[in-house]
Structure formats: structure tokens, C-alpha cells
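Notes for the one structure printed next.
Protein chains: 2
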Amino acid sequence: MFKTNQYFDGTVVSIGLESNEGTATVGVMAAGEYEFGTDTVEIMTVVSGQLTIQQPGETEWKTYTKFESFEVAKGVKFKVKCEQDTPYLCLYK
Amino acid sequence: MFKTNQYFDGTVVSIGLESNEGTATVGVMAAGEYEFGTDTVEIMTVVSGQLTIQQPGETEWKTYTKFESFEVAKGVKFKVKCEQDTPYLCLYK
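Just so you know, the sequences run in chain order A and B. Per this note's numbering, the first sequence runs over residues 5 to 97. Per this note's numbering, the second sequence runs over residues 5 to 97.
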């Protein structure tokens with residue numbers, strides 16, 4: 005029914021779905037630092053806690069908290085840091 | 005690392021985590037109607053789309069939309085309806 009994926013030795017787990025906002029995953033990241041690649045434009049929303057993001061080509065990090073979203077361009081890599089289990093929603097545009 | 009659970013023949017999937025708000029699951033429900041039981045007080049938050057809820061002992065249904073939350077008492081059963089894949093966060097208090 006729903007497909008679950010694991011990344012980074014299971015420290016990131018996501019479930020694919022078709023939301024009313026389009027194709028999405030809902031998932032969780034354990035504390036750590038990750039680099040993700042994008043195949044589409046992605047809009048990520050923090051569901052609880054916070055994620056700290058480094059956009060491609062930037063040196064600064066920016067923190068997003070519960071219900072805040074950020075957009076990442078298609079075909080790039082971006083970095084994410086979090087300090088504890090952080091649930092998120094990712095929409096693929 | 006994270007434990008994933010399936011309910012109702014896989015039409016509800018959740019991932020357990022320890023958020024900054026406490027023990028939680030993040031998951032998704034497919035379109036359908038479900039009855040859940042609670043072992044603790046639960047605070048559910050709609051992450052995208054909407055959930056329609058019947059609280060225990062009530063006849064009316066109430067709809068909650070993106071980022072809205074509702075609380076369910078400990079040790080009861082409540083009903084949930086949704087019309088498409090709906091991601092949610094559940095906090096256990």
C-alpha cells in the first residue's frame with residue numbers, strides 16, 4: 005500500500021504518499037547531518053522540532069521550526085542538520 | 005533505528021520517534037474510515053489535507069485541516085475518516 009524507504013543506515017525513514025498537495029513523503033530524521041539530492045523541486049516542512057539547512061552554493065545555515073517550510077531547487081544537493089528525531093513532510097513539485 | 009508499524013492491512017503506516025515534544029509517531033492514512041484505541045492521551049495533528057473525527061461518545065463528526073490538532077482521551081476508541089492519503093503527527097502524553 006505505502007512504500008517505506010530508509011536512508012543513511014536507517015537514520016532517515018520516509019513513507020511515500022499522494023497528498024492533496026501532490027506527491028509527498030512524510031518521514032523522520034534522527035539527530036545528525038545529511039546531504040540530500042533532489043530530482044524535483046522539493047518543499048520541505050518541519051512537522052515538529054527544527055531542521056537547519058544549507059542551501060546549495062551557500063555557506064550560511066538557516067534554521068526552520070515547526071510548520072515552517074523551505075524550498076530546494078531541482079537537481080541539486082543540500083545539507084540538513086538536526087539535533088533530535090525530527091519529523092518532516094516533503095512535497096515534490 | 006526507527007520502528008515502522010502497519011495497521012488495517014497497511015492502509016495506515018506510522019514511524020515511531022522521540023520528538024522535542026515527546027514520544028510521537030509520524031505516519032499516513034489512506035482514504036477510508038478507521039477506529040483507533042488510545043493507550044495514552046493522544047494529540048493528533050494533520051500534516052497535510054484533512055481528517056474528520058468522531059470523539060468517543062459523540063455523534064457529530066468534526067473536520068481538522070492542515071496543522072490543526074485535536075486531543076483524544078486515554079483508554080478510549082475514536083473514529084477517523086479521510087478521503088485521500090493524509091499524513092499526520094501523533095503525540096503521546
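Yeah, the Cβ is synthetic: ideal placement off N, Cα and C, and Gly gets one too. Computed from a predicted structure; not experimentally measured.
Alpha-carbon spacing of residue i relative to residue j, whole angstroms
| i | j | result |
| --- | --- | --- |
| Gly31 of chain A | Thr15 of chain A | 10 Å |
| Glu62 of chain A | Thr49 of chain A | 20 Å |
| Cys3 of chain A | Lys7 of chain B | Missing from the structure shown is residue 3 of chain A; chain A here goes from 5 to 97 and no further. |
| Gly26 of chain A | Ile57 of chain B | 23 Å |
| Thr67 of chain B | Phe74 of chain B | 10 Å |
| Cys94 of chain A | Ala77 of chain B | 30 Å |
| Asp43 of chain B | Gly20 of chain B | 15 Å |
| Val84 of chain A | Glu72 of chain A | 14 Å |
| Tyr96 of chain A | Asp13 of chain A | 23 Å |
| Phe40 of chain A | Glu64 of chain A | 17 Å |
| Gly79 of chain B | Gly79 of chain A | 48 Å |
Cβ neighbour criterion (16 or more within 10 Å) applied to residue i
| i | result |
| --- | --- |
| Thr29 of chain A | buried |
| Tyr11 of chain A | exposed |
Pick from the options that is closest to residue i, judged by C-alpha positions
| i | options | result |
| --- | --- | --- |
| Ile47 of chain B | B:Phe82, B:Asn9, B:Lys7 | B:Phe82 |
| Glu37 of chain A | A:Tyr96, A:Asp89, A:Lys97 | A:Asp89 |
CB contact flag (residue i, residue j, <8 Å)
| i | j | result |
| --- | --- | --- |
| Thr69 of chain B | Gln54 of chain B | yes |
| Met5 of chain A | Ala34 of chain B | yes |
| Tyr92 of chain B | Val51 of chain B | yes |
| Ser23 of chain A | Asn9 of chain A | no |
Reduced DSSP category for residue i - H, G, I as helix; E, B as strand; rest coil
| i | result |
| --- | --- |
| Asn24 of chain B | coil |
| Val16 of chain B | strand |
| Lys97 of chain B | coil |
| Pro60 of chain B | coil |
| Thr90 of chain A | strand |
| Lys66 of chain B | strand |
| Met5 of chain B | coil |
| Thr44 of chain B | coil |
| Glu37 of chain B | strand |
| Val80 of chain B | coil |
| Phe71 of chain A | coil |
| Gly53 of chain A | coil |
Heavy atom of the ligand ZN within 7 Å of residue i beta-carbon
| i | result |
| --- | --- |
| Glu75 of chain B | Judged by which ligands are present, the structure shown has none, so any question about the ligand ZN falls away. |
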